[in-house]
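Visitor: Sharing a structure below in structure tokens format, with a few things to ask.
Residue numbers (the numbering used here): 2 to 164.
Structure (structure tokens):
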């Protein structure tokens with residue numbers, strides 16, 4: 002019988018310190034332990050980004066400059082839009098654990114403490130359920146508060162001075 006390795010992180014080589022689960026292979030071993038499963042850091046970041054956006058009171062993720070560059074990138078035809086999900090999310094993945102840092106923008110009028118708690122709970126549940134990793138910490142930085150009149154300014158078309 003040989004060892005089976007399920008790894009998480011950037012590399013699939015166990016000697017790099019990203020090995021998560023080891024099992025036995027062979028005729029008597031359960032099917033789920035035969036082979037290798039690798040979960041990339043970007044996958045964990047996408048799961049966390051989606052989970053954070055599901056929480057009521059979250060307007061957007063990412064610090065000011067990241068949001069500005071992301072908005073420009075989304076307007077460029079043919080540009081990859083997959084970065085929007087992970088904008089404002091940083092992950093550190095170890096052998097069996099993950100730590101996450103989130104930059105968020107909250108809606109005006111909501112309790113920041115309640116929203117942060119909801120984000121933390123939702124992100125931990127989603128990452129642990131989908132990856133099997135233990136989430137040891139979710140650090141949240143509130144970068145901005147979205148005001149209702151900010152949206153009106155963003156959606157109004159630019160009118161020229163000359164007609």
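Yeah, the Cβ is synthetic: ideal placement off N, Cα and C, and Gly gets one too.
The structure displayed is predicted, hence computed values, not measured ones.
1. Exposed or buried, which one is residue 122 when buried takes at least 16 other CB atoms within 10 Å?
2. Our contact map puts residue 103 next to residue 119 with C-beta atoms below 8 Å; I'd like the distance itself, whole angstroms only.
3. According to the neighbour-count rule (16 or more other Cβ atoms, all chains shown, within 10 Å of its Cβ), is residue 49 buried or exposed?
4. Helix, strand or coil, according to DSSP, for residue 33 in the structure here?
5. Does residue 55 come out as helix, strand or coil in the three-state DSSP assignment?
6. Give every residue of the same chain whose Cβ lies closer than 7 Å to the Cβ of residue 141, excluding the five residues on either side of it in the sequence, and list them in chain order.
7. Between the segment 28-48 and the segment 125-135, do three or more beta carbon pairs fall short of 8 Å?
8. To the nearest angstrom, report how far apart residue 68 and residue 54 are at their CA atoms.
9. Rounded to whole angstroms, what is the Cα-Cα separation between residue 129 and residue 138?
10. To the nearest angstrom, how far is it from the Cα of residue 64 to the Cα of residue 145?
11. Should residue 86 and residue 101 be called a contact, given that it needs their Cβ atoms to be closer than 8 Å?
12. Thinking just about the alpha-carbon of each residue, which of 147, 62, 28, 109 is nearest to the one in residue 91?
13. Determine the closest residue to residue 94 out of 41, 143, 31, with distance taken between C-alpha atoms.
Guide: Quick look at the numbers:
1. exposed
2. That belief does not hold up - the Cβ atoms of residue 103 and residue 119 are roughly 12 Å apart, past 8 Å.
3. buried
4. helix
5. coil
6. 103, 105, 117, 120, 121
7. yes
8. Because residue 68 carries a pLDDT of 49, less than 50, the predicted location of this residue cannot be relied on, and the following value inherits that uncertainty. In a straight line, the C-alpha of residue 68 is about 14 Å away from that of residue 54.
9. 12 Å
10. 8 Å
11. no
12. 62
13. 41
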